[in-house]
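The opening position of the sequence shown corresponds to residue 39 in this note's numbering, with each subsequent residue numbered one higher.
Ideal Cβ positions, reconstructed from N, Cα and C, are used throughout, including at glycine.
Here the structure is a predicted model, which means the values were calculated and not measured.
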Amino acid sequence: MRLSVIEDSGQDRFTIEISDDGRGMDEELKAKAVDPFFTTRKTRRIGLGLPLLKAAAEHCEGDMEIISAPGKGTTVRARFRHSHIDRAPLGNIIDTIINFIVGNPDVNFYFSHKIDGIEVTFDAQELREQLEDVPLNNPAVINWIKKYLTESYHEIRK
């Protein structure tokens, strides 16, 4: 799974891209995916994530696209006008990443946040290879990841 955030103030663009290597979607499923009353989940009958993301992007003079094919995975890309007054802030991305890793320590998660050409990255697979048998959700590892991301963001915002 990949999460990429790109902020380009020169182009006045804010892009969020989420990709996986899952089962993918055919054209019919891609069309249904933006319907708030459609979901493939069995626990609830409503799926609001993609419809809300699409509406938020369009409200901020942007768009959302789903790139997918059966057996090839899926990429969702949402673009916003960076300076739009109604664009919601990104929020606490560090805690979001930490919570994802704690709950999904075996997922090969790659994160990238580029702000005007300067980039912060995190690669769970690379870290897992260095740690060998120590799980990513080990408290000491989580503390290291949080410190690494915090210091990286501090550098990028200098």
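> CA-CA distance, residue 125 and residue 90?
Replying inline: On the sequence shown, residue 125 is found 87 positions in, with the first residue counted as 1. On the sequence shown, residue 90 is found 52 positions in, with the first residue counted as 1. Between residue 125 and residue 90, the C-alpha separation is close to 13 Å.
> Does the Cβ of residue 100 have 16 or more other Cβ atoms within 10 Å, making it buried, or fewer, making it exposed?
Replying inline: Counting from one through the sequence shown, the residue named residue 100 turns up at place 62. Counting Cβ neighbours within 10 Å, residue 100 comes out buried, since at least 16 surround it.
> Are the beta-carbon atoms belonging to residue 132 and residue 162 less than 8 Å from one another?
Replying inline: Position 94 of the sequence shown holds residue 132. Position 124 of the sequence shown holds residue 162. Not in contact: residue 132 and residue 162 (Cβ atoms no closer than 8 Å).
> On the premise that residue 112 lies in contact with residue 60, defined as a C-beta separation below 8 Å, what is that separation, rounded to the nearest angstrom?
Replying inline: Taking the sequence shown and counting its residues from 1, one reaches residue 60 at position 22. Taking the sequence shown and counting its residues from 1, one reaches residue 112 at position 74. Correct: roughly 6 Å between the Cβ atoms.
>> Assess contact between the region 43-53 and the region 139-155, defined as three or more Cβ pairs (one per stretch) separated by less than 8 Å. Is contact present?
In response: yes
> Can the beta-carbon of residue 93 be found less than 8 Å from the beta-carbon of residue 116?
Replying inline: As a working note, residue 93 is residue 55 in the sequence shown. As a working note, residue 116 is residue 78 in the sequence shown. Result no, Cβ atoms of residue 93 and residue 116 do not sit closer than 8 Å.
>> Strictly by DSSP, which residues pair up with residue 119?
In response: Numbered from its first residue, the sequence shown carries residue 119 at position 81. For residue 119, which the question treats as bridged, DSSP gives the partners 51.
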